[in-house]
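Colleague: One structure, as C-alpha cells, below. Some questions next.
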Amino acid sequence: MSNACHFSDFIRSHGYEPKSDVIAGKWIRFGRKAAISARLYDDELGGYLHDWRTGEKYYWFADKDRMPPSDYARRKKESEALKQAQDAKRSIAYADASRTAEKLFNEAPIASHDHVYLMRKKVKPYGIKQLNGELLIPVYSIQGDMQSIQFIDVDGNKKFLKGGKMSGGCHFIGEVSMDMPVYISEGYATAVSVYEDTQCLSIVAFNAGNLINVAKDLRAQFPDIEIVIAGDCDEVGKKYAEKASQAVNGSVLIPSFADNPDGYTDWNDYFNHWVTA
5 MSNACHFSDF IRSHGYEPKS DVIAGKWIRF GRKAAISARL YDDELGGYLH
55 DWRTGEKYYW FADKDRMPPS DYARRKKESE ALKQAQDAKR SIAYADASRT
105 AEKLFNEAPI ASHDHVYLMR KKVKPYGIKQ LNGELLIPVY SIQGDMQSIQ
155 FIDVDGNKKF LKGGKMSGGC HFIGEVSMDM PVYISEGYAT AVSVYEDTQC
205 LSIVAFNAGN LINVAKDLRA QFPDIEIVIA GDCDEVGKKY AEKASQAVNG
255 SVLIPSFADN PDGYTDWNDY FNHWVTA
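Per my numbering, the very first residue in the sequence shown carries number 5; after that it's consecutive.
Structure below.
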C-alpha cells in the first residue's frame, strides 16, 4: 500500500472522508462547507490534516518499517528540512499579519452599540472596533500581543485576517482577579453574556479546538487561578470543552435546553432566550 493510501486511512481514522484522491504536494478540501483540509507532503513521508471548524490539527508520519533504513533516514531528514522551511515561512507570515492587524485596528473607529449584530445578540462592544459595517475583534496572545483580527458582518458571518496566527489567540473581556474564576468561551457574544452575568474575566477562544490552547496558556500564566470552560451544548462544543478543562484541571459549564426547537447552543442563547422565556 502506498503512503498516499496510508495517509487516506489516517484521515478516515479521525472520522473524515476525503472526496478526492490524495496526491503528494496538493491540498485537498472536503467535509461540510469544505471545512477540512489535508496535504500529503511532497516527499510522502508526512502529512497534515486540519479541521477549520474546531481548529484541531493532526500530523501523520510514514512508518519507517515500510522502507529501507537508509531511504527512511534520508527522506526523514528531507522532510524535517521541509517542515523547518515551512515553519520559517509561517513565522514571517504571522509577523506580517500581526503588523497589518495592529495598523488596521488602530485606525478603525470604536464599534457602535447599535451595530446590527450586537443588537441581535443583545451584547455590548468590549474592546472592539468597526469598519465598513464589520465588527473587528482583535485576536491577542495570552500575553496581550495582537496576532490577528476576526471580522463579523451584520449577518453574523465570520472570517479572520489572512495569514494571522490563531493557535492560542483570544480576546479579553473584563479584568483578571486572582480570587475569581476566569471563563473561556468560543464566541464573542457568548463571552460577553458570561461576563455580564458573572462580572469575571471572560475570554473568547474563537473556536472549539482553540479552547484547550487558550486554557493551557492561561494556566501557564496563572498557575493557581480557577478556569471554567463555558462551552456550547452541541456535540463538538461539549467534546472540546471537556478536553480543555481536563488539560488544566478546570471545570465545565454547558447550557441545558430542554425541548429546544430553535436550536439554541450557547450561553448567549441561554441568557437571551431561555432565562427570560
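Just so you know, even glycine gets a beta-carbon here, dropped at the ideal spot from N, CA and C. Remember, it's a predicted structure, so these values are computed and weren't measured experimentally.
In the DSSP assignment, find the beta strand (DSSP E) that holds alanine 42 and state where it starts and stops.
Modeller: Sequence index remark: in the sequence shown, residue 42 carries index 38 (1-based). Residues 40-44.
Colleague: What is the residue span of the alpha helix (DSSP H) that glutamine 282 lies within?
Modeller: Since the displayed the chain opens at 5 and closes at 281, residue 282 lies outside it and no answer follows.
Colleague: For the 8 Å Cβ check, are there 3 or more pairs between the stretch 226-243 and the stretch 84-96?
Modeller: In short, these stretches do not touch, since the Cβ pair count stays below three.
Colleague: Tell me, please, which residues DSSP counts as bridged to proline 255.
Modeller: As a position in the sequence shown, residue 255 is number 251, starting the count at 1. The amino acid occupying residue 255 in the given sequence is serine; proline does not appear at that position. BP columns for serine 255 point to Val232.
Colleague: Go to isoleucine 141, then tell me how far its alpha helix (DSSP H) extends in each direction, as first and last residue.
Modeller: Taking the first residue of the sequence shown as 1, we reach residue 141 at position 137. That residue, isoleucine 141, is in no alpha helix (DSSP H); its beta strand (DSSP E) goes 138-144.
Colleague: For the candidate residues Ala97, Pro185, Lys220, Ile156, whose alpha-carbon lies nearest to that of serine 145?
Modeller: By 1-based counting over the sequence shown, the position of residue 145 is 141. With distances taken between Cα atoms, serine 145 lies closest to Lys220.
Colleague: Select from Gly254, Arg57, Lys81, Val196 the residue whose C-alpha is nearest the C-alpha of leucine 49.
Modeller: Walking along the sequence shown from the start, residue 49 turns up at place 45. Nearest of Gly254, Arg57, Lys81, Val196 to leucine 49, Cα basis: Lys81.
Colleague: Which residue from Ala66, Ala115, Gly35 puts its Cα closest to that of histidine 54?
Modeller: Looking up residue 54 in the sequence shown gives position 50. Of the candidates Ala66, Ala115, Gly35, the one whose C-alpha sits nearest the C-alpha of histidine 54 is Gly35.
Colleague: Starting from glutamine 134 and walking both ways along the beta strand (DSSP E), at which residues does that stretch end?
Modeller: Along the sequence shown, one-based indexing puts residue 134 at 130. 133-135 is the extent of the beta strand (DSSP E) around glutamine 134.
Colleague: Which of helix, strand or coil does DSSP assign to arginine 36?
Modeller: Residue numbering aside, residue 36 sits at position 32 when the sequence shown is read from its first letter. Looking at arginine 36 - three-state DSSP - the assignment turns out to be helix.
Colleague: For serine 189, which beta-bridge partners are listed by DSSP?
Modeller: Along the sequence shown, one-based indexing puts residue 189 at 185. Its beta-bridge partners are Val208.
Colleague: Rounded to whole angstroms, what is the Cα-Cα separation between serine 41 and glycine 19?
Modeller: One-based indexing of the sequence shown puts residue 41 at position 37. One-based indexing of the sequence shown puts residue 19 at position 15. Each residue's alpha carbon lies about 13 Å from the other.
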